[in-house]
Amino acid sequence: MSTIASDEPRPSASLILVNEHNEVLLVQRNPQARSFAGTHVFPGGNFDANQDTSSAMTAIRETFEETGLLIASPVSPDPISKSTLEQARYAIHEQKLDFQTFLRCNGFEAGVSSLYPFTTWITPPINSRRFRTQFYIAFLPESSKRPPSEQGVDAMPTPDGGQEIMLTRFIRPSLAIAEFRTGNINLPPPQYYLLETLCPLLSGNVSTREQREKVLRLSQGPFGRLVIQPKLYRDPESKDEMFLYEGDELRGGPSGQLHRAIVKRQGTIFSGIELRRNFDIFKDDVSDIITARL
237 MSTIASDEPR
247 PSASLILVNE
257 HNEVLLVQRN
267 PQARSFAGTH
277 VFPGGNFDAN
287 QDTSSAMTAI
297 RETFEETGLL
307 IASPVSPDPI
317 SKSTLEQARY
327 AIHEQKLDFQ
337 TFLRCNGFEA
347 GVSSLYPFTT
357 WITPPINSRR
367 FRTQFYIAFL
377 PESSKRPPSE
387 QGVDAMPTPD
397 GGQEIMLTRF
407 IRPSLAIAEF
417 RTGNINLPPP
427 QYYLLETLCP
437 LLSGNVSTRE
447 QREKVLRLSQ
457 GPFGRLVIQP
467 KLYRDPESKD
477 EMFLYEGDEL
487 RGGPSGQLHR
497 AIVKRQGTIF
507 SGIELRRNFD
517 IFKDDVSDII
527 TARL
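Per our numbering, residue 237 is the first one in the sequence shown, and the count goes up by one each step.
So this is what it looks like as structure tokens:
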């Protein structure tokens, strides 16, 4: 396995899964976890050079390990039992079974083409454990249109027995934001940012083609390639603590342009986040924001 310098962010990937009801999949991390303890996040984890051929593969493997959902298409007509899937899930997590071997031997092709990039986040240097996380977004097929043999996709997400995940749930982005604001759940800033971005795009209880096309257009444009490395800053007048994002006027962006989050926190636990972004992520030239860094 390749080694990474302690001060270099570890490559990782995370997957935003959207179901037919415009709900996204969130998992609650074990309170004893080394990273993001007790928080609600999108499934994901670290790149493993021994098992992953790409960051998209990392997102698919980690989602399978953490939730039991396998984003893959069967290339063999022979169905695989749910018990076999569960056994493989835990064996892969314990590194007793190689993910690529599992896919090949059971006639699956990983659905990497169904994953769309949705920003990259780099943990700021103030954190002792740093990651370079490629976020992806993908849409689950409608239940009535899923082939019976796609057992991994048909299954409801389940926790991994508390090894890393305590709870899995599909939830509307707007409801997740509301629950964070009332203190029912805890969200890290990247998850909050992406959920708030999705709120106006995933309105209503039924996912429409127009909504999906908007999300994909966002992914395939400069926003999907946006790399965000937050910079911690305290306003000298208001004393507000905030994360400055690329393109903010205090990060080299145009005067008056805001791309920041006002935060309230105790260490790495956030009790309040207010996103301030006053540019149109569809119409404005997000490419300028990508290069406006300090």
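Think of the CB as a built atom: it goes at the ideal place given N, C-alpha and C, for glycine as much as any other residue.
Could you tell me if residue i is buried or exposed, where buried requires 16 or more neighbouring beta carbons within 10 angstroms of its beta carbon?
{"i": "Lys318", "result": "exposed"}
{"i": "Arg453", "result": "exposed"}
{"i": "Pro426", "result": "buried"}
{"i": "Lys467", "result": "buried"}
{"i": "Phe518", "result": "exposed"}
{"i": "Gly489", "result": "buried"}
{"i": "Asn363", "result": "exposed"}
{"i": "Gln465", "result": "buried"}
{"i": "Ser491", "result": "exposed"}
{"i": "Val451", "result": "buried"}
{"i": "Pro424", "result": "buried"}
{"i": "Ala324", "result": "buried"}
{"i": "Pro310", "result": "buried"}
{"i": "Ile355", "result": "One detail in the question is off: residue 355 reads as Thr in this sequence, not Ile. Its Cβ being crowded by 16 or more others within 10 Å, Thr355 is buried."}
{"i": "Pro267", "result": "exposed"}
{"i": "Gly483", "result": "buried"}
{"i": "Ala330", "result": "Here residue 330 turns out to be Glu, not Ala, going by the sequence shown. With fewer than 16 other Cβ atoms within 10 Å, it is exposed."}
{"i": "Glu569", "result": "Here the chain covers residues 237 to 530 and nothing more, so residue 569 does not appear."}
{"i": "Thr369", "result": "buried"}
{"i": "Arg297", "result": "buried"}
Tell me the rounded alpha-carbon separation between residue i and residue j.
{"i": "Pro409", "j": "Cys435", "result": "5 Å"}
{"i": "Gly503", "j": "Met402", "result": "22 Å"}
{"i": "Val442", "j": "Phe371", "result": "23 Å"}
{"i": "Glu473", "j": "Ala292", "result": "43 Å"}
{"i": "Glu322", "j": "Thr394", "result": "10 Å"}
{"i": "Ala497", "j": "Phe506", "result": "12 Å"}
{"i": "Tyr428", "j": "Tyr481", "result": "14 Å"}
{"i": "Pro383", "j": "Phe375", "result": "Any answer about Pro383 is weak, because its pLDDT of 42 lies below 50 and its placement is not dependable; what the coordinates show is given next. Spanning the two alpha carbons is a distance of roughly 15 Å."}
{"i": "Val389", "j": "Pro377", "result": "Because Val389 sits at a pLDDT of 41, beneath the cut-off of 50, its placement in the model cannot be relied upon, and the point is left open."}
{"i": "Ser439", "j": "Glu449", "result": "14 Å"}
{"i": "Leu430", "j": "Ser455", "result": "12 Å"}
{"i": "Ser290", "j": "Ser349", "result": "12 Å"}
{"i": "Gly536", "j": "Phe479", "result": "Beyond the ends of the chain as shown, which are 237 and 530, falls residue 536; an answer cannot be given."}
{"i": "Ile316", "j": "Tyr326", "result": "16 Å"}
{"i": "Gln287", "j": "Gly280", "result": "14 Å"}
{"i": "Gly274", "j": "Ala414", "result": "18 Å"}
{"i": "Arg365", "j": "Val463", "result": "18 Å"}
{"i": "Arg501", "j": "Phe416", "result": "13 Å"}
{"i": "Leu437", "j": "Leu305", "result": "24 Å"}
Since residue i sits in a beta bridge, which residues does DSSP pair it with?
{"i": "His495", "result": "Arg513"}
{"i": "Met478", "result": "Tyr469 and Ile498"}
{"i": "Pro458", "result": "Answer is none; Pro458 lacks a bridge partner."}
{"i": "Ile505", "result": "Gln502"}
{"i": "Ala308", "result": "Ala346"}
{"i": "Val463", "result": "Thr356"}
Taking 8 Å as the threshold (C-beta atoms), are residue j and residue i in contact?
{"i": "Thr303", "j": "Thr404", "result": "yes"}
{"i": "Ala308", "j": "Glu259", "result": "no"}
{"i": "Asp314", "j": "Gly343", "result": "yes"}
{"i": "Arg461", "j": "Pro361", "result": "no"}
{"i": "Tyr469", "j": "Leu494", "result": "no"}
{"i": "Ala249", "j": "Ala285", "result": "no"}
{"i": "Pro531", "j": "Phe283", "result": "The first residue shown for the chain is 237 and the last is 530, placing residue 531 beyond what the model contains."}
{"i": "Ala412", "j": "Leu262", "result": "yes"}
{"i": "Ile252", "j": "Ile421", "result": "no"}
{"i": "Glu400", "j": "Arg265", "result": "yes"}
{"i": "Leu511", "j": "Glu432", "result": "yes"}
{"i": "Pro458", "j": "Ile358", "result": "no"}
Self-check item: Inside the segment 343–430 only - beta strand (DSSP E) runs reaching at least 3 residues
Solution: 344–346, 352–358, 367–375 and 401–407
Self-check item: Secondary structure, alpha helix (DSSP H): runs of 4+ residues fully inside the segment 240–283
Solution: none
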